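If you count by the working numbering, then the sequence shown holds residues 7 to 296, one letter each, in order. Think of the CB as a built atom: it goes at the ideal place given N, C-alpha and C, for glycine as much as any other residue. If you're wondering where the values come from, they're calculated on a predicted model, not measured in any experiment. The structure appears below as structure tokens.
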Amino acid sequence: MLIRAYVDADEPDVTALWDAVFPESRPWNQPRATLARQQAVQPEMLLVGERDGRVVATVIAGYDGVRGWIYHLAVLSAARGAGAGSAMMRAAERALAARGCAKVNLQVRADNADVVRFYERLGYQVEPRVSLGKVLGVALIAARPYVAADLEPALDMWRRSKRAAFPYVALMQAHTLDDDRSFFRDHLAARCLIELAEIEGRIVGLLAQCGAVIDQLFVDVDWQRRGVGALLLDAAKQRAPGGLRLSTFQRNAGARAFYERHGFIAVRFGVSPAPENEPDVEYRWPGAAC
């Protein structure tokens with residue numbers, strides 16, 4: 007197996023390999039976005055293993071002047087068992103040592119026992135550490151208007167988010183897929199704005215605004231509490247400096263807390279318990295002048 011630095015022509019093989027080995031990657035770890043960021047920082051530290059003209063293994067080494075790190079060690083399933091992974095690791099360690107790196111770290115999910123044993127055979131030890139992380143993905147999120155081609159992915163995100171927001175299933179059973187498609191058609195026909203939050207080609211949030219009224223605001227279940235809703239809400243405020251209003255469910259404490267954090271005031275409470283499928287709290291944002 008030939009081990010060398012990645013070149014642009016390797017992108018199809020590398021993205022296919024990462025999709026196969028890391029099928030549950032989070033949005034910020036999508037292959038093409040990862041490649042673009044890595045190549046902008048330390049391009050020579052992404053190594054590929056080539057066999058018969060095809061990339062069958064990868065590893066990313068990174069060095070910040072204090073520690074070396076290993077990422078994206080991946081071997082094609084058909085090439086495993088012949089030492090490809092070990093060879094890639096040795097090449098990454100040599101590249102780090104050449105830069106003066108004295109200590110290498112890596113992270114493995116706690117339930118991935120086979121991978122832990124693999125690294126232990128290479129001399130790595132499980133250390134008593136607590137791994138902490140924080141997603142800074144909000145800087146990558148962009149808001150844009152909905153277009154017709156967004157219907158199916160936006161619909162999928164919207165329905166999954168509604169199921170998470172409303173665990174009482176009766177509400178979802180009352181709405182068919184055609185009903186939900188009509189939501190997009192009807193709002194566009196009424197000249198309402200539907201705005202989407204997107205990161206690396208994936209729709210992660212949706213806001214529907216009709217004048218000074220916010221009709222719907224949903225965030226992808228994988229991207230909640232990361233600033234997506236705030237991004238959409240801030241854009242809505244800029245479009246309606248005189249104020250906004252919306253309704254939400256009294257039982258949805260999370261939504262109520264979110265709007266209150268962003269300056270909305272509850273001005274009307276309905277009967278309790280709330281009528282089925284009807285919102286019973288009206289919120290208003292008084293506007294920038296207030």
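For the beta strand (DSSP E) containing residue i, list its first residue and its last residue.
{"i": "PHE224", "result": "219 to 225"}
{"i": "PHE113", "result": "It is worth fixing the name first, because residue 113 is Gln in this sequence and not Phe. Neither: GLN113 is in no beta strand (DSSP E) and is coded neither H nor E."}
{"i": "LEU238", "result": "Taken as a continuous stretch (DSSP letters only), LEU238 belongs to no beta strand (DSSP E), being part of the alpha helix (DSSP H) at 234 to 245."}
{"i": "TYR69", "result": "60 to 69"}
{"i": "VAL121", "result": "No beta strand (DSSP E) contains VAL121, which is instead part of the alpha helix (DSSP H) from 119 to 127."}
{"i": "GLY91", "result": "Unbroken run through GLY91 is the alpha helix (DSSP H), 90 to 103; no beta strand (DSSP E)."}
Can residue i and residue j be called in contact, C-beta distance under 8 Å?
{"i": "TRP75", "j": "ASN111", "result": "yes"}
{"i": "ASP221", "j": "PHE255", "result": "no"}
{"i": "ASP16", "j": "VAL81", "result": "no"}
{"i": "HIS268", "j": "LEU239", "result": "yes"}
{"i": "ARG91", "j": "ALA63", "result": "Contrary to the premise, residue 91 reads as Gly rather than Arg in this sequence. Cβ atoms of GLY91 and ALA63: closer than 8 Å."}
Whose CA, out of the options, lies closest to the CA of residue i?
{"i": "ALA104", "options": "GLY71, ALA116, ASP192", "result": "GLY71"}
{"i": "LEU212", "options": "ALA88, ALA149, GLU126", "result": "ALA149"}
{"i": "VAL20", "options": "ALA46, ARG43, GLN48, GLY55", "result": "GLY55"}
{"i": "ALA14", "options": "ASN35, MET7, ASN118, ALA42", "result": "The sequence as given places Asp at residue 14; Ala does not occur at that position. Among ASN35, MET7, ASN118, ALA42, the Cα nearest to that of ASP14 is on ALA42."}
{"i": "ALA196", "options": "ARG251, ASP25, ILE205, GLY217", "result": "GLY217"}
{"i": "ILE66", "options": "GLY59, ASP58, LEU53, ILE200", "result": "LEU53"}
{"i": "PRO49", "options": "ASP156, TYR12, PRO37", "result": "TYR12"}
{"i": "ARG321", "options": "SER83, ILE271, VAL47, ALA116", "result": "Outside the modelled stretch of the chain, which goes from 7 to 296, sits residue 321, for which no answer is possible."}
{"i": "ALA154", "options": "ASP120, TYR125, HIS193, VAL121", "result": "HIS193"}
Following the continuous alpha helix (DSSP H) through residue i, name the residue where it begins and the one where it ends.
{"i": "PRO37", "result": "37 to 47"}
{"i": "GLY260", "result": "259 to 267"}
{"i": "LEU23", "result": "17 to 27"}
Take the Cβ of residue i as the centre, count every other Cβ of all protein chains shown within 10 Å, and call the residue buried at 16 or more, exposed below.
{"i": "ASP162", "result": "exposed"}
{"i": "GLN113", "result": "exposed"}
{"i": "ARG245", "result": "exposed"}
{"i": "ALA203", "result": "buried"}
{"i": "GLN131", "result": "exposed"}
{"i": "SER167", "result": "buried"}
{"i": "GLY260", "result": "exposed"}
{"i": "ASP226", "result": "buried"}
{"i": "ARG38", "result": "exposed"}
{"i": "VAL210", "result": "buried"}
{"i": "ARG10", "result": "exposed"}
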